[in-house]
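Structure first, commentary second.
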Ligand code: F6R
């Protein structure tokens, strides 16, 4: 795993933006895997700036997000579809029909997982997957203990994850209890991954990732088995290394 040292959050976002722009400029039909949460917001802001400055176009791009809450519709402000529209898709020239997330309001979430796998395969697999890191080592919504062989599936969210995400909801009770997530094996099929980590509160997780063993108890550790992973971590996130 290559480690790119960023000074601070904006620098991390800039370095991630360079990776994405490079991928988009140099492929005919790039497939980007995208994440939500606080960490990639700066990256999305920088991509919008690059688009407005005429440095990149997304007309030939397909995106597949990692995950979505079960039970939320696309127009629910807490859905990940809404987040992606708001933070990125509404501001760039990505054809909306090329922007995919699992459908949180699908009548049959299990079938939706199978359909999402098919969709990723038909898109031609993810070329560049953006990842954030959970405090407990989760990637996507693959919580500790998830099999490294897992494919896209419905998960019951950890209490700690619900609490960490409660800041986006009126109360903790409003945080959905289930989500659809790409599985670990699904994520590992991406040709390249860029893991973004910022801030001292993630320093413990970064240390465990870099110096700990590969174990299903810490899902992100699987990334050490992938030949093409870049960790972009700012100073705070690296402070326990
Ligand atoms: C979001 C996702 C999650 C987050 C992780 C970190 O699509 O897949 O794994 O990347 O929970 O979240 P933040 O960036 O909010 O700290």
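In the UniProt record's numbering, the protein residues as written are 1 to 241. Just so it is clear, CB atoms sit at the ideal spot from N, CA and C, and this is done for glycine as well.
Taking the C-beta atoms as reference points, residue 148 is found no nearer than 8 Å to residue 213.
Taken in chain order, the complete alpha helix (DSSP H) segments of 4 or more residues contained in the region 165-204 are 184-188. In the pairwise beta carbon analysis, the region 66-73 is classified as touching the region 29-41: at least three pairs are separated by under 8 Å.
Of the heavy atoms belonging to the ligand F6R, at least one sits nearer than 7 Å to the Cβ of residue 35.
In the three-state reduction of the DSSP assignment, residue 5 falls in the strand class. Excluding its 5 nearest sequence neighbours in each direction, residue 128 has C-beta neighbours in its own chain below 6 Å: 23, 32 and 192, listed in chain order. Not one heavy atom of the ligand F6R sits closer than 7 Å to the Cβ of residue 146. Shortest gap from the CB of residue 137 to any heavy atom of the ligand F6R: 7 Å or more. Here residue 230 carries a strand assignment [DSSP, helix/strand/coil].
Boundaries of the alpha helix (DSSP H) around residue 43: 41-52. The nearest non-hydrogen atom of the ligand F6R is less than 7 Å from the C-beta of residue 141. At the C-beta level, residue 138 and residue 219 come within 8 Å of one another. Around the Cβ of residue 238, a 10 Å sphere holds 16 or more other Cβ atoms; the residue is buried. In the structure shown, the three-state DSSP call for residue 142 is strand. The nearest non-hydrogen atom of the ligand F6R is less than 7 Å from the C-beta of residue 67. The three-state reading of DSSP puts residue 59 in coil, since its state is none of H, G, I, E or B.
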